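J.:
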Ligand code: KG4
Ligand code: ZN
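In this note's numbering, the protein residues as written are 18 to 366.
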């Protein structure tokens, strides 16, 4: 069965054809980075307009790359939550319109659940397993029990990890998106040059929760302190700040992950989301898995960022478990309760 998957939740327009929920026949991702770079962040109105322009050509390119015509497509899927409403609406409307016109099943997919599941496109991972999902909008730790059954055990209480990379990079003037810029700078910096604090969340929140707003502030204070005392201090470099910030950001992710491995032993860990492209995070997840005797599934970056393949792949299971989605399914910017166990989607949620 060939499923066409469409992803448009933020600033990437993507379409992909996946066979039987496993085999990627095509994957096209049109990034809007150039459009948003001049604003140092995603501008929702510009994002939706760009999706409107891109969606047709991107879907056509995905069909062509898969060597498929519309007749070869058995179902059409799109993410409907969470994300920017205007952006989600473009992909969702396109998928619903095509499904209606062609009399094919339509499937609405939760985009976070798709990120969590995406590592299954790399290899068959037995359930359950732990997933660390780190992007510009989300930072969460989850146990995935089945393709459509995700248990979120920790989430950020303020900024997302990728958001902190972007804000620190904007502050340092090193460009947008911040993650790749910091990743690059950090390779020549000294991560021990500064000791940025880890958040102390004891008693205030869940055992596996994250917080990133304090780290960003600590970077700003460090820089200001240096400027005041630069006559006597050793020279500060942007590379050192980037390396120390990145190390502390990743320390926190690993701290929660190690705790989860202690308390909920799982045979495998997977990562996803844009920050999962970070070279240091990938290295440390791999080392952690080695040390703990678990397996790490680290997807290639194009399966970590927003992409249509994870939508098409998960849609195959959703179709099997829940059947097609109604054509009156709408978009939802947020997921109602981002804690505990939730299924792909139900009517009205
Ligand atoms: O998953 P994604 O493409 O979009 C959503 O937020 O849904 O993630 C984008 C985020 C941005 O914050 C970007 O700075 C970050 O992922 N990112 C990275 C790297 N590449 C992208 N963060 C750290 N290191 C990277 N190499
Ligand atoms: Zn995403």
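Every residue gets a Cβ at the ideal spot worked out from N, C-alpha and C, and that includes glycine.
These numbers were taken from a predicted model, which means no experiment stands behind them.
I need the straight-line Cα distance from residue 25 to residue 234, nearest angstrom please.
T.: Taking the straight line joining both Cα atoms gives about 31 Å.
J.: Go through the segment 221-247 residue by residue and report every complete run of the alpha helix (DSSP H) that reaches 4 residues or more, in order.
T.: Whole alpha helix (DSSP H) segments, 4+ residues: 230-246.
J.: Let me know the secondary structure DSSP gives residue 115 once reduced to three states.
T.: Three-state result, residue 115: helix.
J.: Taking the alpha-carbon positions, what's the residue 130 to residue 112 distance?
T.: The straight-line gap from Cα to Cα measures roughly 19 Å.
J.: Rounded to the nearest angstrom, what separates residue 296 and residue 107 at their Cα positions?
T.: Those two C-alpha atoms are separated by around 32 Å.
J.: The alpha helix (DSSP H) with residue 30 in it runs from where to where?
T.: That residue, residue 30, is in no alpha helix (DSSP H); its beta strand (DSSP E) goes 29-36.
J.: Does ligand 2 have a heavy atom nearer than 7 Å to the CB of residue 152?
T.: Within the cutoff, so yes.
J.: Helix, strand or coil for residue 281, going by three-state DSSP, please let me know.
T.: Reduced to three states, the DSSP call for residue 281 is coil.
J.: Given a threshold of 16 other Cβ atoms within 10 Å of its Cβ, counted over all protein chains shown, does residue 128 qualify as buried or as exposed?
T.: The residue is buried, with at least 16 neighbouring Cβ atoms inside 10 Å.
J.: Cutting at 7 Å between CB atoms, please list the residues of its own chain near residue 225, excluding the five before and the five after it.
T.: Excluding sequence neighbours, residue 225 sits near 158, 170, 171, 273, 276, 277.
J.: For residue 29, which residues from the same chain have a beta carbon less than 8 Å from its beta carbon, with the 5 sequence-adjacent residues on both sides left out?
T.: 46, 47, 48, 49, 322, 323, 324.
J.: Between residue 326 and the rest of its own chain, which residues show a CB-CB distance below 7 Å, the 5 nearest in sequence each way excluded?
T.: The residues are 22, 33, 35, 41, 44, 138, 320.
J.: Consider the C-beta atom of residue 110 and the heavy atoms of ligand 2; say whether any pair is separated by less than 7 Å.
T.: Outside the cutoff, so no.
J.: Got a sec, what are the start and stop residues for the beta strand (DSSP E) residue 323 sits in?
T.: Element bounds for residue 323: n/a, residue is neither H nor E.
J.: Can you tell me whether DSSP reads residue 209 as helix, strand or coil?
T.: Coil, per DSSP.
J.: In three-state terms, what does DSSP make of residue 120?
T.: Note: residue 120 maps to coil in three-state DSSP.
J.: Measuring only the C-alpha atoms, how far is residue 239 from residue 195?
T.: If you take the alpha carbons of residue 239 and residue 195, they lie about 19 Å apart.
J.: Is residue 68 near ligand 2, in the sense that its beta carbon is under 7 Å from a heavy atom of that ligand?
T.: Not under cutoff, so the answer is no.
J.: On a CA-only basis, which of 190, 351, 99, 345 is nearest residue 110? Give me that one, please.
T.: Of 190, 351, 99, 345, the residue nearest in Cα terms is 345.
J.: Please classify residue 354 as buried or exposed, where buried requires at least 16 other C-beta atoms within 10 Å of its C-beta.
T.: With a pLDDT of 49 at residue 354, under the threshold of 50, the modelled position of that residue is not reliable, and the figure given next carries that caveat. That one is exposed.
J.: Give the C-beta separation of residue 213 and residue 156 to the nearest angstrom, bearing in mind that I take them to be a contact with Cβ-Cβ under 8 Å.
T.: Actually they do not touch by this definition, with Cβ atoms about 17 Å apart.
J.: Taking 7 Å as the cut-off, is the CB of residue 23 close to at least one heavy atom of ligand 1?
T.: Residue 23 Cβ: outside cutoff for every heavy atom of ligand 1.
J.: Along the chain, where does the beta strand (DSSP E) containing residue 351 start, and where does it finish?
T.: Taken as a continuous stretch (DSSP letters only), residue 351 belongs to no beta strand (DSSP E), as it is neither H nor E.
J.: Could you say which of 237, 142, 313, 150 lies nearest to residue 162 if we only look at CA atoms?
T.: Residue 162 has its Cα closest to that of 142, out of 237, 142, 313, 150.
J.: Closer than 7 Å to a non-hydrogen atom of ligand 2 - does that hold for the CB of residue 103?
T.: Residue 103: no, Cβ never under 7 Å from ligand 2.
J.: Hey, would you say the C-beta of residue 330 is under 7 Å away from at least one heavy atom of ligand 2?
T.: No - ligand 2 has no heavy atom lying nearer than 7 Å to the Cβ of residue 330.
J.: With 16 as the cutoff for other CB atoms within 10 Å, does residue 98 come out buried or exposed?
T.: Result: buried.
J.: According to DSSP, is residue 19 part of a helix, a strand, or is it coil?
T.: It is a strand residue.
J.: Can you check DSSP and say which residues form a bridge with residue 312?
T.: In the DSSP output, where bridge partners are listed per residue, residue 312 has 285.
J.: Mark residue 256 as exposed unless 16 or more other C-beta atoms lie within 10 angstroms of its C-beta, in which case mark it buried.
T.: It counts as buried.
J.: Enumerate, from N- to C-terminal direction, the unbroken beta strand (DSSP E) stretches of 3 or more residues contained entirely within the segment 28-84.
T.: Entirely contained in the segment 28-84, the beta strand (DSSP E) runs reaching 3 residues are, in chain order, 29-36, 40-48.
J.: In the DSSP assignment, find the beta strand (DSSP E) that holds residue 169 and state where it starts and stops.
T.: Start and end: 166-172.
J.: Shortest alpha-carbon distance to residue 254 belongs to which of 199, 58, 270?
T.: It is 199.
J.: Output the boundary residues of the alpha helix (DSSP H) element that contains residue 185.
T.: First-last of the alpha helix (DSSP H) with residue 185: 178-189.
J.: Would residue 149 and residue 258 be called neighbours here (beta carbons separated by less than 8 Å)?
T.: Not closer than 8 Å, so no.
J.: Report all residues from its chain with a CB closer than 6 Å to the CB of residue 364; omit the five preceding and five following residues, and keep chain order.
T.: At residue 364 the pLDDT is 37, less than 50, meaning the model places this residue with poor confidence; the figure from the coordinates comes in the next sentence. No residues qualify anywhere along the chain.
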